[in-house]
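Shown next, in structure tokens, is the structure this report addresses.
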Amino acid sequence: MVTDVQEASTLVSERELARQRRWVLGIVNFSHMFNHLNSGIVPILFTPMMGALGFGFAELGLMSAAHNVVSQGMQATYGITTQFVKRAVLLGAGNALLGVTTIVTGAVTGFSQLIVLRAISGMGSSPQHPVGSTMLSSWFEGARGRALGLHNTAGSVGTFLAPLVAGLLILYFDWRVVFVLIGIPSVVLGLSYFLLRDVVRPAPVAGGRALARAGWDAYLACLKNRNLMLISLLMMVGAAGRGMGINQTYLVPHFVYDLGIPIAIAATVLLTIVNVGGLVAPLTWGWLSDTFPRKLVMQASLLLSAATTVWIGEEAVLGVTLILSLAAYGLVVHSRQAITQAMVGDYAGRGLEDAAFSIYFTVGFLSAPLWTILMGAIMQSAGFAVATKVIAVSYLLGILILIPLRIAPRPPAPTAAA
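Structure, rendered in structure tokens:
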């Protein structure tokens, strides 16, 4: 298959290999940052578009659903797609498509065009998480935690900068021009992927059916791998604490309606304190997981996540302790992605990485909305403090789930893959 790796020493020099590794690290992380920057800015641009194009909140929900369904649905397919197409090509085409659809969105004249473009943009953004993570995992075997931690940090930087960049651009440009400006970097980064020299064996003499069968067999092997299933189960039971859970959905309403904090402070200062953790935590926890057994580091992060989640639920007034609780919460609750992704790479190995990351991201993204709905129901009926305790219990359950997980051997020094 096209992702089979050959010994690098027979193909390229060590200097060339090191240069290629830097290219991979830079392009994958920059494209991840602009992927998140795009996803953060576009919803902000919908506000002036609603009046100009004449659509409302119901149509807004349909656009979001169209983008997410296509993006998350395609993530489940990359374990097979990578049997036929190199990872760099998938990432390059995906980012270029995301950029082009963003640019074209600046020329729409009606809602029907807009919803089609949002669906296509979901197709373009879909390979970044599973394929990008697999690419970094295979290129940086001996430093998976740090490489994937940096990948998560890059995404957090994009999310963090999105409101600021959107505000500045809208201040000086029409929303149509802004779409063009934010689409261009994705096109450039997408084309940059095609400069990567994939270090691979030639594809074997096999038909498309045989390659598809190999991809399907990889999915089945992952589903039979106890360690990979335990990691996936961990993502399911603790999904509420991820960024797409209580952070984005419920923290600001809780501050405003339960604590009486002005929305300007809640949406900027307090939420920023939490988001700053997303800039620091992934790389820090990734380094810890490269230094100490990942299983134990993961269990420590889950325990701290449970404690800080309960802490913010108990804070009832705006003060120093609330700020400290949010800072501590942000530093630990953003840790899990980097560690679990490194664990997926450890336990899958080269033969199953594409299928394993495809399953991992599909499970994570599909389970998070269910947790968000559950948390909303609990908050409505019992309050925020009770909801945070339920989330804390999910973290403690995650610690128990990891008990049967064997501690993976330390990966070898980094070697190349495509």
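Its first residue numbered 93, the sequence shown is counted upward by one per residue in the numbering used here.
Glycine included, every Cβ here is placed at the ideal spot set by N, Cα and C.
Close Cβ partners of residue i (< 7 Å) along its chain, the five nearest in sequence each way excluded
i, result
"MET166", "MET215 and SER218"
"VAL372", "LEU423"
"PHE138", "LEU152"
"MET471", "TYR342 and ALA479"
"GLN391", "ILE491 and LEU494"
"GLY171", "GLY307, ALA310, TYR311, ASP446, ALA447 and SER450"
"PHE347", "ILE353, ALA358 and LEU362"
"SER101", "Because SER101 sits at a pLDDT of 43, beneath the cut-off of 50, its placement in the model cannot be relied upon, and the following sentence gives the value as read from the coordinates. Closer than 7 Å at Cβ, skipping near neighbours: no residue."
"MET328", "VAL455 and SER459"
"LYS387", "LEU494, LEU497 and ILE499"
"LEU429", "Note that residue 429 is Gln in the sequence shown, not Leu. Counting only Cβ-Cβ distances below 7 Å, and skipping sequence neighbours, we find ASN244 and PRO374."
"LEU351", "ALA408, VAL409 and LEU410"
"GLY333", "Residue confidence is low: GLY333 scores 48 on pLDDT, short of 50, so the model does not pin down where it sits. No coordinate-derived value is stated."
Exposure of residue i, with buried meaning 16 or more beta-carbon neighbours within 10 Å
i, result
"ILE353", "buried"
"PRO326", "Correcting the residue identity first, residue 326 is Leu in this sequence and not Pro. With 16 or more other Cβ atoms within 10 Å, it is buried."
"PHE384", "exposed"
"PHE122", "buried"
"TYR561", "Absent from the model: residue 561. The displayed extent of the chain is 93 to 510, so no value can be given."
"PRO503", "Per-residue confidence for PRO503 stands at a pLDDT of 49, beneath the threshold of 50, marking its modelled position as unreliable; the derived number appears in the next sentence. PRO503 should be labelled buried."
"PRO296", "For PRO296, the predicted structure reports a pLDDT of 44, less than 50, and the residue's modelled location is therefore unreliable. A value from the coordinates is still provided. Exposed is the call here."
"SER204", "exposed"
"PHE476", "buried"
"GLY241", "buried"
"GLY282", "buried"
"SER473", "exposed"
"GLY186", "buried"
"THR174", "buried"
"PHE252", "buried"
"GLY411", "exposed"
"ALA254", "buried"
"VAL409", "exposed"
"THR376", "buried"
"ALA188", "buried"
"VAL162", "buried"
"GLY143", "exposed"
"GLY118", "exposed"
"GLN112", "buried"
Same chain, Cβ closer than 8 Å to residue i, neighbours up to 5 away in sequence not counted
i, result
"ILE323", "THR432, MET435, VAL436, TYR439, TYR452 and LEU497"
"ALA168", "SER450, ILE451 and THR454"
"GLY441", "none"
"ILE262", "ILE136, LEU137, PRO140 and VAL270"
"TRP379", "GLY237, ARG238 and GLY241"
"ARG107", "none"
"ALA258", "GLY132, ILE133, ILE136, LEU137 and VAL270"
"PHE265", "LEU273"
Chain-order list of residues whose beta-carbon lies under 6 Å from that of residue i (same chain, five-residue window excluded)
i, result
"LEU394", "TYR487, GLY490 and ILE491"
"SER417", "TRP403, ILE404 and GLU407"
"GLY250", "MET125, HIS128 and LEU129"
"VAL200", "LEU206"
"HIS221", "PHE453"
"ALA158", "ILE207, ARG210 and ALA211"
"SER381", "GLY237, VAL389, ILE431 and ALA434"
"ALA313", "LEU444"
"LEU414", "GLU407"
"PHE147", "PHE203"
"VAL223", "TYR170, ARG179, LEU182 and LEU183"
"ASN317", "none"
"GLY335", "Interpretation of GLY335 is limited by its pLDDT of 48, a score under 50 that renders its predicted location unreliable; the figure taken from the coordinates is listed afterwards. Hits under 6 Å: none found."
The ligand NAP heavy atom lying under 7 Å from the CB of residue i
i, result
"PHE176", "As far as ligands go, the structure on display features none, and thus does not contain the ligand NAP."
Chain B contact for residue i (CB, 8 Å cutoff)
i, result
"GLY153", "The structure shown contains no chain B, having only a single protein chain."
Segment contact, 8 Å Cβ cut-off, at least three pairs: the region 261 to 274 with the region 129 to 140:
The region 261 to 274, when compared against the region 129 to 140, does touch it at the 8 Å Cβ threshold.
Cβ contact (3+ pairs, closer than 8 Å) linking the region 199 to 216 and the region 471 to 489:
The answer is no - the region 471 to 489 does not touch the region 199 to 216, with fewer than three Cβ pairs under 8 Å.
Whole alpha helix (DSSP H) elements within the region 177 to 247, 4-residue minimum
Look at the region 177 to 247 and you find these whole runs of alpha helix (DSSP H), each 4 residues long or longer: 179 to 197, 203 to 217 and 220 to 231.
With three or more beta-carbon pairs closer than 8 Å as the criterion, would you say the region 170 to 190 touches the region 234 to 247?
Judged by pairs of C-beta atoms under 8 Å, the region 170 to 190 does not touch the region 234 to 247, as fewer than three such pairs exist.
Quick one: complete alpha helix (DSSP H) runs, 4+ long, within the region 422 to 465?
Whole alpha helix (DSSP H) segments, 4+ residues: 428 to 440.
3 or more residues per run - each beta strand (DSSP E) lying fully within the region 112 to 146
Complete beta strand (DSSP E) runs here, min 3: none at all.
Counting pairs of beta carbons, one from the region 417 to 431 and one from the region 396 to 405, are three or more of them closer than 8 Å?
For the pair of segments examined, the region 417 to 431 was found to touch the region 396 to 405: the number of CB pairs separated by less than 8 Å reaches three.
Does the region 186 to 204 come into contact with the region 275 to 289, if we say contact requires no fewer than three beta-carbon pairs (one atom in each stretch) closer than 8 Å?
Enough Cβ pairs lie closer than 8 Å, so yes.
Three or more C-beta pairs below 8 Å linking the region 358 to 378 and the region 241 to 259
A contact between stretches requires three or more CB pairs, one per stretch, nearer than 8 Å, and the region 358 to 378 meets this requirement with the region 241 to 259.
Fully enclosed by the region 323 to 392, which alpha helix (DSSP H) runs are 4 residues long or longer?
Runs of the alpha helix (DSSP H) inside the region 323 to 392: 363 to 383.
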